[in-house]
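Single-structure report; data block below.
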Amino acid sequence: MSYLTGVLPDLFKKSLRKRALLAVISGLAAFAAFPPLELPFTAWLAFIPLFHVIATSGYRKSFWYSYLAGVVFFASVLYWLTVVSVPGFILLSLLLAVIFGLFGLMSRFVMKYSINLLAIPFAWVVLEYVRAHLFTGFPWALLGYSQYTNINLIQIADMTGAYGVSFLLMTFNVAVWAWLAGSRRKVSYLMISLLLIIAATSYGMYRRDNMPEGSPARISVVQGNIEQDLKWDQRSAEAIIDKYTDLTRNALADAPDIIIWPETSYPYLLRDVDMAGSPMAELSEEAGTPILAGVAYERDDVMYNSAVLFTGAEKQPEIYRKVHLVPFGEYIPFEERLGPLRKYIDKPIGDFRPGNDYKIFSFRSVTRSGDHRSMLVRRTTFHKLGVLICFEDVFPYIARNFAREGAGILANITNDAWFGRTAASRQHLQASVFRAVENRVPVVRAANTGISAFVDIFGKVISRVEVDGREIFVEGYDTREIMTVPVKSAYTEYGDIFVFFAGFFLLFLVITEKFLSLTKK
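With the numbering used here, you'll find the sequence shown wraps up at 543, consecutive numbering, no jumps.
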């Protein structure tokens, strides 16, 4: 008992303590910036109460109060996971909150030794990056995602990734707290923060007005809204194919260059010998249009969650096999040891294996226009398409790898029906917005249910599949002409160089300011 008394923080002894309440307020304010509340301005001020707690606490309490803020944030943002697994929701919230706890420790160190407070935003960026990569990574609800509708501000992501927007938000939080706390550098912190925000917004306005002329591609997406308990019911397979076939034929009236079906929308297991004669291939032949569909694909007794491009009954389809699988959803990590967990999880767990290459699909669009001599000109453009399956679009490195391989368009095929009528779909859309800006490629989303939408190269959602104002648990299709541009962004070329700069600069600030403090003694 004495051990517990020494380790557990005061917040577990007295639930109404002021510091614990302030930590909870920070967690809730950060959550409020995300769907379902979606109040992005709260992210600019969310951490101020927590900074007050950290400034008046020791290291141990700084960790635990920050951890509490993290638990509140992640439990609130990820509430939709309870639809899938309550134990998984609890465990993930508790694990992810460690990042907040470490942030509290680092912030306390900076404050204790009077290190430049700008080290704190750099620390946040580094920790967000760690969260995005450690143990397969989970870069869901990065702080910068909260600003996904602030189109001018988020354009800096084509250089810094989403982490740059997170940095701006945390810099402003630090500056306002420093002002309220009466820091001797409060004016300089606030000026630096405002200048960075103005510079980022100005860059965004400039970038939107100065983009090379693009090439159009006309794409249709279909959303079948198949109930989760029917997707793999053998008795429903033909009805599912009929529904998607009807939607596809309706979309053909819009003369698309390609039609995209969602993740695992084809209800049969496909093998190489089955593909050329499958209903999908025959439908593509009938339509005279390529159809990209999510399928469960088997080769050499190995299952893959895949995207397959069908281009006719006589042609062998092309295949992309998902490279980043969902742990405890599509496979069990360390199957030999953790395999018995399957019987304790009430949702089906796949037995998929990951692919190992970034397959680029190609399709063409044909445009007709007159030239200055009033002659009719027919132009054929070949577009390159990369596919992000399920939650692969939340991982910046996957989208970047496709863009580096030449993809001018990214398609996210997904199925958010798992999460019911929650905000999960809108949170998922936030990631697609940033993948578009980071790589300057449009993102086309096709969901079984979720948000099927078109996102342009500036991260603007230009259209969605909607019925009576509803986006999820509806069926329909949409066709839009999107523009691709012949540029590679700095982010596509150099990746997360901003994060590595943040790590270097953090060390620089800590070492130099610590050295200066020692020389003054």
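Built from N, CA and C at the ideal position, the CB exists for glycine as well.
Alpha-carbon to alpha-carbon, Arg82 and Leu117: Going by the C-alpha atoms only, they are around 18 Å apart.
Contact set for Phe95: own chain, Cβ-Cβ below 6 Å, skip 5 residues either direction: Counting only Cβ-Cβ distances below 6 Å, and skipping sequence neighbours, we find Gly49, Ala52, Phe53.
Cβ-Cβ separation, Ala458 to Gly481 (assumed contact under 8 Å), whole Å: The C-beta distance from Gly481 to Ala458 rounds to 5 Å, short enough to meet the 8 Å contact threshold.
Contacts around Ile281, its chain only, beta-carbon distance under 7 Å, and the 5 residues preceding and following it disregarded: Contacts found: Ser242, Val244, Thr270, Ala273, Thr311, Ile313.
Chain-order list of residues whose beta-carbon lies under 8 Å from that of Phe417 (same chain, five-residue window excluded): Answer for Phe417: Ala154, Gly159, Pro161, His346, listed in chain order.
Backbone secondary structure at Asp500 - three-state DSSP: Here DSSP, grouped into helix, strand and coil, assigns Asp500 to strand.
Opposing strand residues paired with Ala239 [DSSP bridges]: Ala239 pairs with Ile504.
Pro62 - DSSP class collapsed to helix/strand/coil: Note: Pro62 maps to helix in three-state DSSP.
Candidates Phe56, Phe69, Leu103, Ala55: closest to Trp440 by CA position: Nearest neighbour of Trp440 by Cα position, chosen from Phe56, Phe69, Leu103, Ala55, turns out to be Leu103.
Extent of the continuous alpha helix (DSSP H) to which Glu304 belongs: Looking at the DSSP string, the run of the alpha helix (DSSP H) that includes Glu304 is 301-309.
Limits of the beta strand (DSSP E) - the one that Met325 falls within: Taken as a continuous stretch (DSSP letters only), the beta strand (DSSP E) holding Met325 covers 324-332.
Cβ-based burial, Ser224 [other Cβ within 10 Å; buried from 16]: When all chains shown are included, Ser224 counts as exposed.
Residue span of the beta strand (DSSP E) that contains Asn437, given as start and end: Unbroken run through Asn437: none, as it is neither H nor E.
Three-pair Cβ contact test at 8 Å for the region 138-152 versus the region 172-191: By the Cβ test, the region 138-152 is in contact with the region 172-191, since at least three Cβ pairs between them sit closer than 8 Å.
Stretch pair the region 113-128 + the region 84-92: three plus CB contacts closer than 8 Å: Taking a cut-off of 8 Å on C-beta distances, the region 113-128 touches the region 84-92, as three or more cross pairs fall below it.
Rounded C-alpha distance that separates Ser447 from Phe495: The alpha-carbon atoms of Ser447 and Phe495 are separated by roughly 11 Å.
Cβ-Cβ separation, Leu531 to Ala141 (assumed contact under 8 Å), whole Å: Contact check for Ala141 and Leu531: beta-carbon distance about 4 Å, within the 8 Å limit, so the pair qualifies.
Backbone CA spacing between Gly226 and Val295 [nearest angstrom]: Whole-angstrom Cα-Cα distance: 50 Å.
Arg597 to Val487 span [Cα, whole Å]: Here the chain covers residues 23 to 543 and nothing more, so residue 597 does not appear.
Of the listed residues Arg375, Asp379, Thr403, Phe194, nearest to Tyr386 (C-alpha basis): Strictly speaking, residue 386 in this sequence is Arg, with Tyr absent from that position. For Arg386, the nearest C-alpha among the options comes from Thr403.
Distance, Leu43 Cα to Met23 Cα: Residue confidence for Met23 is low, a pLDDT of 39 falling below 50, so the modelled location carries little weight and cannot support an answer.
Contacting residues, own chain, Cβ-Cβ under 7 Å from Leu100 (five flanking each side not counted): For Leu100, where only same-chain residues beyond five positions count, the Cβ hits under 7 Å are Phe111, Leu114, Ser115.
For Pro349, three-class secondary structure by DSSP: Three-state result, Pro349: strand.
Alpha-carbon to alpha-carbon, Phe157 and Ser384: The alpha-carbon atoms of Ser384 and Phe157 are separated by roughly 33 Å.
Under the three-state DSSP convention, the category Tyr380 falls into: Assignment of Tyr380 by DSSP, reduced to helix, strand and coil, places it in the coil class.
Option nearest Thr514 by Cα separation, candidates Leu218, Phe522, Tyr419: Nearest of Leu218, Phe522, Tyr419 to Thr514, Cα basis: Tyr419.
Proximity of Phe73 and Ser168 at Cβ, strictly below 8 Å: Result no, Cβ atoms of Phe73 and Ser168 do not sit closer than 8 Å.
Nearest-angstrom Cα separation, counted from Leu165 out to Ala65: Answer to the nearest angstrom: the Cα atoms are 7 Å apart.
Backbone secondary structure at Trp510 - three-state DSSP: It is Lys, not Trp, that sits at residue 510 in the sequence shown. Per DSSP, reduced to three states, the secondary structure at Lys510 is coil, with no helix or strand assignment.
Every unbroken beta strand (DSSP E) within the region 222-281, with a cutoff of 3 residues, ordered by chain: Inside the region 222-281, DSSP marks whole beta strand (DSSP E) runs of 3 or more residues at positions 237-245, from first to last along the chain.
Contact under 8 Å by Cβ, Leu451 with Ala429: No. Outside cutoff.
Three-state secondary structure (DSSP) of Tyr87: If DSSP states are grouped into helix, strand and coil, Tyr87 belongs with the helices.
For His405, the residue or residues it bridges with in DSSP: Note: His405 is bridge-paired with Phe385 in the DSSP secondary-structure output.
Straight-line Cα distance separating Ala512 from Arg229: Each residue's Cα considered, the two are about 13 Å apart.
Rounded straight-line distance, which links the Cα of Arg130 to that of Gly80: Between the C-alpha atoms of Gly80 and Arg130 there is a straight-line separation of about 7 Å.
Residue environment, Met302, which counts as buried when at least 16 other CB atoms sit within 10 Å: Met302 comes out buried.
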